[in-house]
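Q: Structure provided below as structure tokens; questions to follow.
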Amino acid sequence: MTQQEFRTVQGGRIDRDRPLRFRFDGRDYTGYAGDTLASALLANGVHRTSTSIKLGRPRGIFAAGAEEPNALVQVEAPFPEPMLTATTVELYDGLVARGLGGQGRLATDPDPARYDAVHTHCDVLVVGAGPAGLAAASVAAASGARVVVVDDRSEPGGSLLGTREAKALDWVASVAADLHANPEVRLLTRTSAFGYYDDNYVVAVERRTNHLGASAPAHLSRERIWRIRARRVVLATGAHERSLAFDDNDRPGIMLAGAARTYVNRYGVLPGRRAVVLTTNDSAYAAALDLLDAGVAIAVIADLRPSVSPLWTERLADRGVEVLAGYGVERVVGEERVSSVVLAGGREFEADLLLVSGGWNPVGALYSQAGGKLRYDADLGSFVPDGCREAVAVAGSANGTYGLAGCLAEGTGAGRAAVEATGFAAGTGRELPAADESPVTPPAHTWVLPGDETVQFVDLQRDVTVAEIRRATGTGMRSVEHVKRYTTAGTAHDQGKTSGVLTSGVVAHLLGVDVGDLGTTTFRPPYAPVSFAALAGRDRGALHDPIRVTALHAWHQANGALFENVGQWQRPWYYPRDGEDLHAAVLRECRAAREGVATMDASTLGKIDVQGPDAAVLLDRLYTNLMSSLKVGSIRYGVMCRPDGMIFDDGTVIRLAEDRFLVTTTTGNAAGVLDWMEDFLQTEWPDLRVHCTSVTEQWATIALVGPRSREVLGTLAPDLAVDNDSFPFMTWRDTTVAGLAARVCRISFSGELAYELNVNWWDALALWEAVLAAGAPLGITTYGTETMHVLRAEKGYPIIGQDTDGTVTPQDLGMDWIVSKKKPDFIGKRSFARADTGRPDRKHLVGLLPDDGETLLPEGAHLVEMESLPEPPVPMLGHVTSSYHSAALGRPFALALIKGGRDRIGQRVYAPLGDVLVPVTITGPVLYDPEGKRRDG
Amino acid sequence: MMLIPCPWCGPREEAEFHYGGQAHVAYPSDPAALSDEEWARFLFFRDNPKGPFAERWNHSASCRRWFNVVRDTVTNEILAVYKVGAPRPVLA
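For the record, the sequence lines run as chains Z and D. Numbering follows our numbering, in which position 484 of the first sequence is assigned residue number 484; successive positions increment by one, without gaps. Take any residue in the second sequence, count from 1 to its spot, add 1000: that is its number in our numbering.
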């Protein structure tokens, strides 16, 4: 285990009484509580963390926060997590990590942690708890407003944490205490606002236990998503320092000047022993002074500006540091780590650290996501906010205001304006600390230094160089969006936080245009990487989507049913007996329904109660056939089309009274049909006096099917005359079945004599058990959806959504009989007169019999006319929509949609299956009992 | 996620609503009187403006009522909300 040789003797916001052990790239180290993985590595003299993704060049820690482009790591323990930045991973005891060359590895074990979501509303949301954000929050909180403050670091203070501004840090502590004590205020640390959506909807991720490692309490969710709706938003998101393009500017030991200052002051870490500073602006001087105070030698300051503020020159001269105005870096010596830096003109300075400041970029990502415009400020050399339609204000360095006094004043003003806009009288926040500021000399506007463009890096993570950008502009690209997509600059995990504006600057430099005219690329959420686990929260597994079950579900489970998902419903698929597979079970179930008696749970059928004086008028307009002529006590099958004439749903209509109908729909389309009715009633025909109510879950439905079903019903319903004359096909009766109030419908979806018994959902089990008991002497058999499908397909009954796909008319299904010629209009009627719906080569529903009597065609199989396949494109005739083994036919069969199919009956076509073309013969769609003799038992 | 002011329930999250496309496209009173082209225009053609757009929304997860909205398709700003059957309001 190594000592922390690069730790300062004192200072920093780390807890030196709490040493923590960790392992990186297989070596053991120690750090302190309060460290990040990056600061702990630097304390141990480790700069290099990985090799670059494309070129394999050594790369080191470059920044100190979320903007880090280089130091990607994979955490291995306690739980594997890829693609984290070492600068944002808080150190904990037992952390095991390794450096990543741009690509991580997802855990193969299930994640044991929980993730959560919280929704909240507030008057003022402050993003960023630096000086500007805290000043805004302090005023807003003092006004009595509901305030939420989010900040991505472990403690509030922002950039002040990286300074030695003692008075300002005292003020930070007081404001934080005020905020914590205020019941109307929520201060969320370790929380990154990553998305800004319409109407001030801001989404953030709070990392609750990641920093605790293995000691994270199990009852706490690991991360949670905050969905915040704010009346006003104050963005105090700060600024990121940017680099410059010069030769070998990617070497380990090259670091942003502000980051080095943060490592010294916040973490008590020396990023090196001897540094060269390269800058375009004043901010690097303050960093140099802090490093000097901490014991880092400054070899030289190279300032690209031709003249430098005498104030800073004197301060540095007092410390014996030379400042060279008008000088840049020519090259960097050392591959694994900087060993010396050669300035323009050839002077070489020995150094293990090169600090760079190419200027500052206000963090405009969230502002841009909100629809805010950015404007290039030529004095600042950066893009600043320039107007947004959302109720948002930007304060502090996010607004291009870099001095502390300015940040505090702007934050205070933004906080006051926000609470006043929401109807509060602005209170008085904590008294602001005095800020001692030096006059600022304007920065230089330089992006690229002279040198070899093939080793001048613009995006470190994507290995994009000036040469690559020149290749892009050389092909004629003029837009930064195109250059981004061509070079991939700005597309890594960091989304170009340090490189985006530099990319624009380099493009401007190469094209000789103004960077302000080029602009930046578009900012999109998420601002910082967020795990899918956090976004999913608890909406995973069984909670991902509702599961709907019938009143008989427990019985089905207890009796060995296998289930099939139909929309959100779980329906029994089939009931295998000992050793049976699907095929054997379904043949047995089918045989029972055709030869004896069988029963199934049909409760998932959609049911809509349609009531009102105009109910019949509504149904006449929606169904293709006439419903108003239906007599009370009778039932009619109906089809609904869209205005384009394509079938939308089918089902039965039961007339309960002159002004009341019960409509059934397909299982998956019940909600859609109700919505369809409501849409027309509310928007097209508000004059119709009709009300529609879903009663799907009020009525349980049991289908009783087979030639012997009448015997079973007769036993159970002594009051009901069950003979065919008294109770004919397509009628219904209210009666008592097994002592339960029931509505019995004579409806058949199998072609056999059949009934549907409807009872109160709560009575379903009692009825089901009575049916099974009464049917037991006749060998009653339960069946599931697979058998139901076989039985209906043998009869050529289509399933809407399986045998149709939104391009199929009733006529295509051979159901001209269901399309009324009498009604002046109904939804879809006009479309049947369109040329397209009258084409003779439309696809018709037909039956298919494989010639060998054995092959089960896969559903979806294509059908072609020729015996051997020609060169593509092969003309397609259509496809198989349903395919089953038939017990009744003793062979497999299929339904298919085939061009002009009804005119091809008797013809042979081919289904290409792999290398084989299976010959099949086209038949009519009704393969079993075409005369309908079995319907009445 | 827009905050949509339902005329019956007040401002609610976009996720509670379903979109219904362009408003004021009435079902033709006599479809049989329309030419194929006119009928096809009703079936298949809708405006797609950049800027204010009158459109239908349904508060499907709550009161289930349809209503109309004028929304700026560039900014998602909701400029007006009004009930079905009311004329599109004139915006300043």
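Quick reminder that beta carbons are idealized off the backbone N, C-alpha and C, glycines included.
Would you kindly check if the distance between the Cβ of S39 (chain Z) and the Cβ of V269 (chain Z) is under 9 Å?
A: Contact: yes.
Q: Please work out which residues of its chain come closer than 6 Å, Cβ to Cβ, to N1112 (chain D), disregarding the five sequence neighbours upstream and downstream, and give them in chain order.
A: No answer is possible for residue 1112 (chain D): the residues shown for chain D start at 1001 and end at 1092.
Q: How would you label A1086 (chain D), buried or exposed, when you count the other beta carbons within 10 angstroms and need 16 or more for buried?
A: That one is exposed.
Q: Flag this pair as touching only if the segment 465 to 477 of chain Z and the segment 410 to 420 of chain Z have three or more C-beta atom pairs under 8 Å; answer yes or no.
A: As far as the Cβ criterion goes, the segment 465 to 477 of chain Z does not touch the segment 410 to 420 of chain Z, which means the pair count is below three.
Q: Could you list which residues in chain D have their beta carbon closer than 9 Å to that of K829 (chain Z), in chain order?
A: Correct list: P1031 and A1032.
Q: Write down every uninterrupted run of the alpha helix (DSSP H) in the segment 668 to 692 of chain Z whose length is 4 residues or greater and which is fully enclosed by it, in chain order.
A: Runs found: 670 to 679.
Q: Determine, for F457 (chain Z), whether the minimum Cβ-Cβ distance to residues of chain D falls below 9 Å.
A: No, no contact with chain D.
Q: Going by CA-CA distance only, name the one from Z:T454, Z:G65 and Z:Q461 that's closest to R471 (chain Z).
A: Minimum Cα distance to R471 (chain Z) is reached at Z:T454.
Q: Quick one: Cα of L20 (chain Z) to Cα of R98 (chain Z), how far?
A: Near 17 Å, if we compare the C-alpha coordinates of R98 (chain Z) and L20 (chain Z).
Q: If contact means a Cβ-Cβ distance below 9 Å, which residues of the segment 1033 to 1057 of chain D contact chain Z?
A: Listed by position, the residues of the segment 1033 to 1057 of chain D near chain Z (Cβ gap below 9 Å) are L1034, D1036, W1039, A1040, F1042, L1043, F1044 and R1056.
Q: Please name the residue, chosen from Z:D803, Z:R7 and Z:T666, that lies closest to G878 (chain Z) on a Cα-to-Cα basis.
A: Answer by Cα proximity: Z:D803.
Q: Going by CA-CA distance only, name the one from Z:D805, Z:S634 and Z:A166 that's closest to T652 (chain Z).
A: Closest option to T652 (chain Z), Cα to Cα, is Z:S634.
Q: For L966 (chain D), count neighbouring Cβ atoms within 10 angstroms of its own Cβ and tell me buried if that reaches 16, exposed if not.
A: Any property of residue 966 (chain D) remains undetermined from this structure, which presents chain D solely from 1001 to 1092.
Q: Quick test of the definition: if touching needs 3 or more C-beta pairs under 8 Å, does the segment 142 to 153 of chain Z touch the segment 177 to 188 of chain Z?
A: The answer is yes - the segment 177 to 188 of chain Z touches the segment 142 to 153 of chain Z, with three or more Cβ pairs under 8 Å.
Q: To the nearest angstrom, how far is it from the Cα of K497 (chain Z) to the Cα of A489 (chain Z)?
A: Distance between the alpha carbons of K497 (chain Z) and A489 (chain Z): 11 Å.
Q: Going by alpha carbons, who is nearest to L84 (chain Z) out of Z:K899, Z:D649, Z:E697 and Z:A492?
A: Cα-wise, what sits closest to L84 (chain Z) is Z:A492.
Q: Nearest to E867 (chain Z) by CA position, among Z:Y327, Z:M876 and Z:G860, is which residue?
A: Of the listed residues, the one whose Cα sits closest to E867 (chain Z) is Z:M876.
Q: Is the beta carbon of V501 (chain Z) closer than 9 Å to that of F383 (chain Z)?
A: A contact, by the Cβ cut-off of 9 Å.
Q: Could you check if R232 (chain Z) is buried or exposed, using at least 16 other CB atoms within 10 Å of its CB as the buried criterion?
A: Buried: at least 16 other Cβ atoms inside 10 Å.
Q: Can you check whether the CB of K795 (chain Z) is closer than 9 Å to the CB of V586 (chain Z)?
A: No. Outside cutoff.
Q: List the residues of chain Z that R1064 (chain D) touches, going by C-beta distances under 8 Å, in chain order.
A: Going along chain Z in sequence order, the residues near R1064 (chain D) (Cβ under 8 Å) are E678.
Q: Give, in chain order, every residue of the segment 1068 to 1081 of chain D whose Cβ lies closer than 7 Å to some Cβ of chain Z.
A: Within the segment 1068 to 1081 of chain D, the residues whose Cβ lies closer than 7 Å to some Cβ of chain Z are T1075, N1076 and E1077, listed in chain order.
Q: Determine the direct distance from the alpha carbon of L449 (chain Z) to that of G411 (chain Z), and round the result to whole angstroms.
A: So the two alpha carbons sit approximately 36 Å from each other.
Q: I need the boundaries of the beta strand (DSSP E) containing W171 (chain Z), first residue and last residue.
A: From DSSP, W171 (chain Z) is part of no beta strand (DSSP E) but of the alpha helix (DSSP H) over A166 to A181.
Q: Count the other CB atoms, across all protein chains shown, that sit within 10 Å of the CB of L757 (chain Z); report buried if there are 16 or more and exposed otherwise.
A: Buried is the call here.
Q: So which residues of chain D does G371 (chain Z) contact, with C-beta pairs closer than 7 Å?
A: In chain order: T1075.
Q: Apart from the five residues just before and just after M1 (chain Z), which ones in its own chain have a Cβ nearer than 6 Å to its Cβ?
A: Here the model assigns M1 (chain Z) a pLDDT of 48, short of 50, so the residue's position is not dependable and the matter cannot be decided.
Q: Any chance you could list the beta strand (DSSP E) runs of at least 3 consecutive residues sitting entirely within the segment 357 to 393 of chain Z, in chain order?
A: DSSP runs (the beta strand (DSSP E)) wholly in the segment 357 to 393 of chain Z: 360 to 362, 374 to 377 and 382 to 385.
Q: Against P972 (chain Z), what residues of chain D qualify as contacts under a CB-to-CB distance less than 8 Å, listed in chain order?
A: A question about residue 972 (chain Z) goes unanswered here, because the residues of chain Z that appear run from 1 up to 937.
Q: Work out the CA separation of L656 (chain Z) and A721 (chain Z) for me, nearest whole Å.
A: For A721 (chain Z) and L656 (chain Z), the distance between alpha carbons rounds to 19 Å.
Q: Give a yes or no on whether 9 Å exceeds the smallest Cβ distance from M1 (chain Z) to chain D.
A: Confidence in M1 (chain Z) is poor, its pLDDT being 48 and thus under 50, which makes the residue's placement unreliable; the coordinate value appears in the next sentence. So, not an interface residue.
Q: Considering only their Cβ atoms, is the gap separating Y928 (chain Z) from Y783 (chain Z) smaller than 9 Å?
A: It is not a contact, given that the beta carbons lie outside the stated cut-off.
Q: Since L618 (chain Z) and L674 (chain Z) are thought to touch, with beta carbons under 8 Å apart, how far apart are those beta carbons, to the nearest angstrom?
A: With 8 Å as the limit, L618 (chain Z) and L674 (chain Z) do not qualify as a contact, their Cβ atoms being about 12 Å apart.
Q: Less than 7 Å between C-beta atoms, sequence neighbours within five positions excluded: which residues of the same chain meet that for Q456 (chain Z)?
A: Contacts found: A245, F246, D247, N249, V448, T465 and V466.
Q: Are the CB atoms of G12 (chain Z) and N265 (chain Z) nearer to each other than 9 Å?
A: Their beta carbons are under 9 Å apart, which means G12 (chain Z) touches N265 (chain Z) by this criterion.
Q: Closest to Q611 (chain Z) by C-alpha separation, out of Z:W360, Z:F648 and Z:I654, would be which residue?
A: The residue with the shortest Cα to Cα distance from Q611 (chain Z) is Z:I654.
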